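Take a look at the structure set out below.
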Amino acid sequence: MKKRYIAALTTLAVAASFAVVLGGGASASPKQQKLTDVTLQLKWVPQAQFAGYYAASLKGFYKDAGLNVTLKNGGPDIIPEQVVASGQAQFGVDWLPSLLAARDKGTDLVNVSQVFARSGMTQLTWKSSGIDSIAKMKGKKVANWLGGNQYELFAALTKAGMNPAKNSGVTIVQQPFDMNLLLQSKVDSASAMTYNELAQVLETKNPKTGKLYTLAELNVIKMQDAGTGMLEDGLFSTGSWLKSAANQAIAVKFIEASLKGWIYCRDHAAECVSMTLQEGPTLPKGHQTWMMNEINKLVWPAGAAGVGVMDKAAFTRTASIAQQFGVISKAPSDAYRTDLAAKAVANLKAASTDVVGASWKPAAVAVTAGGK
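The numbering of the sequence shown is this note's numbering, which starts it at 3 and goes up by one.
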């Protein structure tokens, strides 16, 4: 029995040594690596607005970074700031004004990566109306969803000498979440995100011609061009969670993998549309294809510091407009940090990854009836 015992031990030792020689042992296998659980609360239901995060998950970028990331869909009754502040998620996605409003009320939140570099907010008018600028909206009916979505428009109208808060010089109409007011010519101008409502108009048939409306029939007045564009989708966390050096390291990994997902969607838009539909077919393929292209326009090209790194001037403009219209009571301090995103970008650059996308060009997307 003693000889058999020694022989068995010898066999096990040889096998273990052989395993170490081959690959360093089972503990070194990526498949058996212990992953850190992280949750991201998205702003809305599944759509290409969040394609970079879907790509980071489905292409394994999060897993490669040692993270097990749960993507939580949003909706009309879900406020990402509340979810993150309550500890139900480590990160959230929302527009910067919403983050600033939450901070102004004492919620301990901080932007850690500003993914969208510019605003997608526009005002649409019919070409036949002759209203091709904000200034020409004087005395007109102008629609917006309100409820926190009006500040870019109101700032532009104020710059043009109107007082939208008092309907002075312009009549403000509350807009439902469709484009029927404009389509039925019940207002002179309606708000539209480039990646959503603008497409809704173009996907609709003109009853007079039986053909889809075209861009040639519209004036698309961008708030970014009016100088009142506010920053939209950015990643945020809580200041308390980020106090830990270990959590800061997790944040860098999470941001890096997320940005890698956005870079992937820049270079593989069609595949990212498919991944979005895999996450949830809330909107049809044609509409998602339009959205993916327009979302890429908001991200690319990124600033010189690289994708996801907050631009100070854009932050200041957003904060100033938010303060002007009472979204926040005072100028914010420590509302964002760039060190974590900068480290993530440095890691991507070290791997010879294009983090600016200066040569990226948008695609020519064919509009389909009903977005199908």
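Beta carbons: idealized from backbone N, C-alpha and C, even for Gly. Being a predicted model, the structure only gives us computed values, none of them experimental.
- In its chain, beyond the 5 residues on either side, Val114, Ser115, Leu237, Gly310, Leu342, Ala343, Ala346 have a beta carbon closer than 7 Å to the beta carbon of Ile257.
- Nearest to Gln326 by alpha-carbon distance, out of Asp313, Met232, Leu285, Ala248, is Met232.
- Put simply, the segment 41-54 touches the segment 70-82. At least three CB pairs are less than 8 Å apart.
- Three or more beta-carbon pairs separated by less than 8 Å link the segment 186-196 to the segment 125-144, which places the two stretches in contact.
- Residues Tyr215 of the same chain have their beta carbon placed closer than 6 Å to that of Asn208, with the five preceding and five following residues left out of the count.
- In the DSSP assignment, the residues bridged to Thr124 are Ala194, Lys224.
- Taking the Cα positions, Pro99 is about 37 Å away from Lys36.
- Under the three-state reduction of DSSP output, Asp110 falls in the coil class, being neither helix nor strand.
- Under the three-state reduction of DSSP output, Ala162 falls in the coil class, being neither helix nor strand.
- Ranking Phe179, Ser239, Ser335, Val222 by CA distance to the CA of Gly132 puts Val222 first.
- The beta carbon of Ala333 sits closer than 7 Å to those of Ala321, Gln325, all from its chain and outside the five residues before and after it, given in chain order.
- For Glu234, the closest of Asp106, Ser331, Lys299 by C-alpha to C-alpha distance is Lys299.
- Look at Ser239 here: in three-state DSSP terms it is strand.
- Taking C-beta atoms under 8 Å as the contact rule, Glu83 and Asp96 qualify, at a distance of about 6 Å.
- Residue environment: Leu101 is assigned as buried (16 or more neighbouring CB atoms within 10 Å of its CB, all protein chains considered).
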